[in-house]
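Chain order of the listed sequences is A and P.
Per our numbering, the very first residue in the first sequence carries number 1; after that it's consecutive.
Per our numbering, the very first residue in the second sequence carries number 1; after that it's consecutive.
Ideal placement from N, C-alpha and C gives every residue a C-beta, glycine not left out.
The structure appears below as structure tokens.
There are 2 protein chains.
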Amino acid sequence: MNSEKEITIYDIAEKLNLSASTVSRALKGNTVIHESTRQRVCKCAGELGYRSNTFASNLRQKRTHTIGVIVPRLNSNFMSKCLAGMEEVATENGYNLIISQSHESLQKEAENAKTLFNNRVDGLIVSLTVESGKPDHFKPFSEKRVPLVFFDRIPAYNSEACFVTDNMELACDATRHLIDQGCRQLLHITQKSGINVYADRKSGFEKAVKESGISGKTVFIEKMDIDAGRQAANEIMAMKKLPDGIFVSNDAAAIGCMKTLRENGIKIPEQICIVGYNNDPVSTLVTPMLSTVTYPGKEAGARAARYLIDRIEGRKNFSGEKCFIVKSELIVRESSNRKINQ
Amino acid sequence: MNSEKEITIYDIAEKLNLSASTVSRALKGNTVIHESTRQRVCKCAGELGYRSNTFASNLRQKRTHTIGVIVPRLNSNFMSKCLAGMEEVATENGYNLIISQSHESLQKEAENAKTLFNNRVDGLIVSLTVESGKPDHFKPFSEKRVPLVFFDRIPAYNSEACFVTDNMELACDATRHLIDQGCRQLLHITQKSGINVYADRKSGFEKAVKESGISGKTVFIEKMDIDAGRQAANEIMAMKKLPDGIFVSNDAAAIGCMKTLRENGIKIPEQICIVGYNNDPVSTLVTPMLSTVTYPGKEAGARAARYLIDRIEGRKNFSGEKCFIVKSELIVRESSNRKINQ
DNA sequence: ATGAAAGCGCTAACAC
DNA sequence: GTGTTAGCGCTTTCAT
Numbered sequence: 001m002n003s004e005k006e007i008t009i010y011d012i013a014e015k016l017n018l019s020a021s022t023v024s025r026a027l028k029g030n031t032v033i034h035e036s037t038r039q040r041v042c043k044c045a046g047e048l049g050y051r052s053n054t055f056a057s058n059l060r061q062k063r064t065h066t067i068g069v070i071v072p073r074l075n076s077n078f079m080s081k082c083l084a085g086m087e088e089v090a091t092e093n094g095y096n097l098i099i100s101q102s103h104e105s106l107q108k109e110a111e112n113a114k115t116l117f118n119n120r121v122d123g124l125i126v127s128l129t130v131e132s133g134k135p136d137h138f139k140p141f142s143e144k145r146v147p148l149v150f151f152d153r154i155p156a157y158n159s160e161a162c163f164v165t166d167n168m169e170l171a172c173d174a175t176r177h178l179i180d181q182g183c184r185q186l187l188h189i190t191q192k193s194g195i196n197v198y199a200d201r202k203s204g205f206e207k208a209v210k211e212s213g214i215s216g217k218t219v220f221i222e223k224m225d226i227d228a229g230r231q232a233a234n235e236i237m238a239m240k241k242l243p244d245g246i247f248v249s250n251d252a253a254a255i256g257c258m259k260t261l262r263e264n265g266i267k268i269p270e271q272i273c274i275v276g277y278n279n280d281p282v283s284t285l286v287t288p289m290l291s292t293v294t295y296p297g298k299e300a301g302a303r304a305a306r307y308l309i310d311r312i313e314g315r316k317n318f319s320g321e322k323c324f325i326v327k328s329e330l331i332v333r334e335s336s337n338r339k340i341n342q
Numbered sequence: 001m002n003s004e005k006e007i008t009i010y011d012i013a014e015k016l017n018l019s020a021s022t023v024s025r026a027l028k029g030n031t032v033i034h035e036s037t038r039q040r041v042c043k044c045a046g047e048l049g050y051r052s053n054t055f056a057s058n059l060r061q062k063r064t065h066t067i068g069v070i071v072p073r074l075n076s077n078f079m080s081k082c083l084a085g086m087e088e089v090a091t092e093n094g095y096n097l098i099i100s101q102s103h104e105s106l107q108k109e110a111e112n113a114k115t116l117f118n119n120r121v122d123g124l125i126v127s128l129t130v131e132s133g134k135p136d137h138f139k140p141f142s143e144k145r146v147p148l149v150f151f152d153r154i155p156a157y158n159s160e161a162c163f164v165t166d167n168m169e170l171a172c173d174a175t176r177h178l179i180d181q182g183c184r185q186l187l188h189i190t191q192k193s194g195i196n197v198y199a200d201r202k203s204g205f206e207k208a209v210k211e212s213g214i215s216g217k218t219v220f221i222e223k224m225d226i227d228a229g230r231q232a233a234n235e236i237m238a239m240k241k242l243p244d245g246i247f248v249s250n251d252a253a254a255i256g257c258m259k260t261l262r263e264n265g266i267k268i269p270e271q272i273c274i275v276g277y278n279n280d281p282v283s284t285l286v287t288p289m290l291s292t293v294t295y296p297g298k299e300a301g302a303r304a305a306r307y308l309i310d311r312i313e314g315r316k317n318f319s320g321e322k323c324f325i326v327k328s329e330l331i332v333r334e335s336s337n338r339k340i341n342q
């Protein structure tokens with residue numbers, strides 16, 4: 001346990017009268033090495049406080065055992081769960097995660113991508129910013145054949161594997177549920193964005209509205225957060241005719257909206273039913289509890305990581321654009337359940 | 001933009017009839033190199049699609065420009081903010097973050113520490129698990145003089161820099177506030193743990209109780225989450241004499257407790273005042289809005305990272321154990337404000 | 001089953 | 001201002 005000099009395989013080799021190559025092999029558990037030798041090497045390594053030098057190894061092997069992750073923000077329960085899923089799979093397989101936030105900025109996303117590229121990550125997992133134009137900054141990865149997968153927020157015209165829920169389908173379910181509760185004046189609150197999560201949820205809403213032939217409008221907000229939800233509520237309060245059912249494309253905005261409506265004396269769900277999206281734990285804490293759509297983040301993250309590692313290690317060939325659906329479902333709670341009150 | 005072979009400084013050197021060292025210097029902006037040469041090199045590097053090989057560089061320089069982070073969990077708003085603060089400072093200074101979760105397990109914490117140590121991070125930022133015994137797993141870092149800082153959850157007898165709020169002081173403030181609201185039967189809900197955050201908040205509670213001479217008890221729960229808070233509420237409901245003021249050592253548990261109390265017909269704050277801790281955004285979403293103590297996570301994270309980088313780069317000498325206080329304050333909201341109702 | 005030797009790409013000491 | 005040289009610690013042929 002020397003505290004200054006780093007121990008190398010040469011130190012071990014010298015001490016044991018072996019060659020560095022033998023030590024290297026022994027340490028990696030190469031079966032060609034005699035068991036007794038292997039044990040001596042490992043014992044000695046332990047005693048000397050040896051730790052393998054990742055850089056030398058990486059330099060030699062041209063691999064980093066590191067996966068880059070770019071997400072818009074860390075601070076949602078959903079995202080933490082995604083990352084926990086990735087981390088678990090990564091660690092199991094001897095990979096590290098370098099996590100970076102794009103803070104919803106396309107430019108920051110590009111910078112992060114560049115940094116990770118230069119750090120020679122073995123693979124990249126991305127959830128895009130809302131303002132995703134054509135994300136050219138991922139081209140270097142495909143050019144150098146560094147595996148890349150997207151999850152949650154995926155590119156419109158992608159040629160990579162993606163892991164998402166069926167946003168359209170579930171938004172459709174949520175909207176049908178509102179109709180089922182007797183709502184006839186529907187409203188969708190979302191962010192103006194081409195990104196799949198919001199675009200698809202909007203399409204789902206519109207599909208359900210169309211098939212039922214009732215009224216359905218959309219109110220756009222700037223960000224999908226609490227305050228924006230409150231603003232939307234103010235807009236709603238100013239309408240000549242109030243909606244009686246609202247589908248909001250995430251929980252934070254739904255809750256902000258619901259809070260403000262209630263502060264204005266609106267009864268939820270009696271006057272207006274509300275459904276959010278994501279099943280954030282906070283949705284069970286508000287009064288009334290918010291109906292929402294689950295999003296199994298941990299599973300999505302774990303599956304994305306597993307797929308990526310399979311690709312990295314050549315266990316899976318690149319088979320072009322592929323969209324994997326992570327199963328999710330509508331949860332009806334008080335905010336849209338009129339039946340239990342009857 | 002060759003897509004297969006990696007360009008090295010030798011390729012650039014050859015093309016420009018220079019030596020590798022000159023190219024290396026030029027690329028790093030070494031002022032000794034002639035400006036025109038520098039420009040030629042940079043231009044050529046761009047054209048060839050050169051990217052620096054971090055490993056070769058790290059191997060040579062014995063530095064990684066990577067900071068390890070170990071936190072109990074990512075999924076709190078507080079922690080995301082801490083990480084955002086760290087990330088910002090790290091990126092500004094050309095460092096990457098490797099973030100790992102201990103999931104409140106001492107063993108996982110030790111594993112993570114080992115992994116990061118073997119990855120030769122230049123420094124380490126840690127928030128401990130609740131079950132921190134004597135964290136021996138950080139010894140290798142001090143032995144190899146790898147700078148280490150703690151934030152939020154810090155060791156009892158530490159010899160490293162720490163960044164925390166004044167938990168005791170603020171818990172004391174919170175408790176005094178309850179007394180000020182007329183509460184005379186106080187209760188503290190917390191987790192049984194030696195870790196500073198909970199121990200200090202408990203001490204602060206006890207200090208305020210003692211100085212006022214009124215009754216103050218403590219109820220212990222297993223985890224500081226919503227469900228445990230609900231359980232605590234059930235215990236409270238079973239008491240012969242209900243408390244009239246509760247200080248809970250985090251917001252999640254406080255909210256769980258408050259929800260269940262209200263479901264049992266208890267009026268908040270009329271019958272029982274409640275104060276939480278952390279100022280999680282959810283504290284403004286519940287009814288009534290929760291009084292709490294702010295915790296500027298972003299600032300704490302940023303300061304910890306800045307300090308660490310200063311240490312790494314030798315701009316700051318190690319000056320032994322040092323506790324830096326991040327300023328925070330009590331926010332009184334509806335859940336403990338009886339005055340506005342009078 | 002083990003060893004010798006070369007080289008991954010970069011940087012830094014030294015020379016000119 | 002630029003070049004020469006050596007070496008960071010590891011892995012990997014190829015040889016024995």
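I want to see whether chain P comes within less than 8 Å of residue i, judged by CB atoms only; does it?
i, result
"Ile340(A)", "Its pLDDT being 49, under 50, Ile340(A) is placed unreliably by the model, and nothing is read from it."
"Ser159(A)", "no"
"Lys28(A)", "no"
"Lys259(A)", "yes"
"Ala56(A)", "yes"
"Leu74(A)", "yes"
"Ser3(A)", "Summary for Ser3(A): the model assigns pLDDT 40, below 50, so the residue's position carries little reliability; its value from the coordinates is reported in the next sentence. For Ser3(A), the answer is yes, since a Cβ of chain P falls inside 8 Å of its Cβ."
"Arg25(A)", "no"
Mind checking if residue i is an interface residue toward chain A, Cβ cutoff 8 Å exclusive?
i, result
"Asn337(P)", "no"
"Phe117(P)", "yes"
"Ile226(P)", "yes"
"Ser100(P)", "yes"
"Cys51(P)", "Looking at the sequence provided, one finds Arg at residue 51(P) rather than Cys. With 8 Å as the cut-off, Arg51(P) counts as an interface residue toward chain A."
"Ile221(P)", "no"
"Arg333(P)", "no"
"Ile255(P)", "yes"
"Leu16(P)", "no"
"Leu59(P)", "yes"
On the CB-based measure, 16 or more other CB atoms within 10 Å of its CB, does residue i come out buried or exposed?
i, result
"Ala156(A)", "exposed"
"Val32(P)", "exposed"
"Tyr10(P)", "exposed"
"Asp136(P)", "exposed"
"Ser127(P)", "buried"
"Tyr311(P)", "The question names Tyr, yet the displayed sequence has Arg at residue 311(P). So Arg311(P) ends up on the buried side."
May I have the straight-line CA-CA distance separating residue i from residue j, to the nearest angstrom?
i, j, result
"Gly256(P)", "Met289(A)", "13 Å"
"Cys273(P)", "Arg153(P)", "27 Å"
"Asp173(A)", "Lys217(A)", "17 Å"
"Glu169(A)", "Gly204(A)", "6 Å"
"Ile99(A)", "Leu308(P)", "19 Å"
"Glu329(P)", "Ala228(P)", "25 Å"
"Asn75(A)", "Val286(P)", "19 Å"
"Glu88(A)", "Ile214(A)", "46 Å"
"Lys81(A)", "Lys15(P)", "49 Å"
"Gly276(A)", "Leu261(A)", "15 Å"
"Arg230(A)", "Ile266(A)", "13 Å"
"Pro243(P)", "Glu211(P)", "18 Å"
"Asn77(P)", "Val293(P)", "14 Å"
"Gly297(P)", "Leu83(P)", "8 Å"
So, under 8 Å CB-CB, residue i and residue j are touching, yes? Tell me the CB distance rounded to an integer number of Å.
i, j, result
"Asn96(A)", "His65(A)", "6 Å"
"Gln101(A)", "Val71(A)", "6 Å"
"Asn264(A)", "Met237(A)", "5 Å"
"Cys326(A)", "Thr190(A)", "In the sequence on display, residue 326(A) carries Val and not Cys. Val326(A) to Thr190(A), Cβ: 21 Å. No contact."
"Ile7(P)", "Gly49(P)", "6 Å"
Does any heavy atom of the ligand COA sit closer than 7 Å to the C-beta of residue i?
i, result
"Pro72(A)", "Among the ligands in the structure shown, none appear at all, so the ligand COA cannot be discussed."
Under 7 Å, CB to CB, which of the residues in the stretch 76–96 of chain A have a partner in chain P? Asn77, Ser80, Lys81, Leu83, Ala84, Glu87 and Asn96
Any C-beta of chain P within less than 8 Å: which residues of the stretch 279–293 of chain A qualify? Pro281, Val282, Thr284, Leu285, Val286 and Thr287
Positions along the stretch 141–172 of chain A whose CB lies within less than 8 Å of some CB in chain P: Glu143, Lys144 and Arg145
Along the stretch 301–321 of chain P, what residues have a CB closer than 8 Å to any CB found in chain A? none
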